[in-house]
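Here UniProt numbering is used: the first residue of the sequence shown is 1, the next is one more, and so on. Working notes, structure below.
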Amino acid sequence: MKNYDVKHIAYHVLVAIYFIWFAVFAILLSLALNNYYGVANLQLSKLLLTLIGLNLFMGTALFLVLQQFRKQTVLARVLFYGYFFLTSASLTTVLIVIQ
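The structure is reproduced here in structure tokens:
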């Protein structure tokens, strides 16, 4: 019987979930900006702002869990810079939409 490193497998599963979150959140931000500059539906804007807040919360929780592994690799830097890029993009999007 093979001995599996469960911590290593959990790390890779969480990284996969992080990249899925990254793509979904980027699409959500683009939908919010497209709604603001295109149709400007007020009800959809409120819904998208709620979803942005929830996704930001979930992404922050996922990022903090990944930081608990304390990996010092290129992947850890990609996760770090990607998270802060999307955080700043989401704050910018929210400020544009609520203007």
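Using N, Cα and C, we set each Cβ at its ideal position, and we do this for glycine too. This structure is a prediction, so every number in the text was calculated from the model and none was measured.
Span of the alpha helix (DSSP H), counted from its first residue to its last, around residue i
| i | result |
| --- | --- |
| Gly-38 | Looking at the DSSP string, Gly-38 is not in any alpha helix (DSSP H), and its letter there is neither H nor E. |
| Arg-77 | 74–97 |
C-beta atoms of residue i and residue j nearer than 9 angstroms
| i | j | result |
| --- | --- | --- |
| Ala-32 | Ile-52 | yes |
| residue 102 | Val-15 | Lying before the first or after the last residue shown, residue 102 is absent from the chain, which here runs from 1 to 99. |
Candidates the options, of which the one nearest residue i by Cα
| i | options | result |
| --- | --- | --- |
| Phe-63 | Leu-48, Leu-79 and Leu-54 | Leu-79 |
| Leu-95 | Val-65, Asn-3 and Leu-48 | Leu-48 |
| Asn-55 | Val-6, Trp-21, Lys-7 and Thr-93 | Trp-21 |
| Thr-93 | Ser-30, Val-39 and Gly-38 | Ser-30 |
Same chain only: Cβ atoms within 7 angstroms of residue i, ignoring 5 sequence neighbours per side
| i | result |
| --- | --- |
| Thr-60 | none |
| Tyr-36 | Ser-45, Ile-96 and Val-97 |
| Gln-43 | none |
| Asn-41 | Asn-35 |
Same chain, Cβ closer than 8 angstroms to residue i, neighbours up to 5 away in sequence not counted
| i | result |
| --- | --- |
| Val-65 | Leu-14 |
| Met-58 | Trp-21 |
Cβ shell of residue i (< 6 angstroms), same chain only, five flanking positions each side left out
| i | result |
| --- | --- |
| Tyr-83 | Phe-63 |
- Message: Three or more C-beta pairs under 8 angstroms: does that hold for the stretch 10–27 against the stretch 60–72?
- Response: yes
- Query: Is there contact between the stretch 82–90 and the stretch 21–33, where contact requires at least three CB pairs shorter than 8 angstroms?
  - Reply: yes
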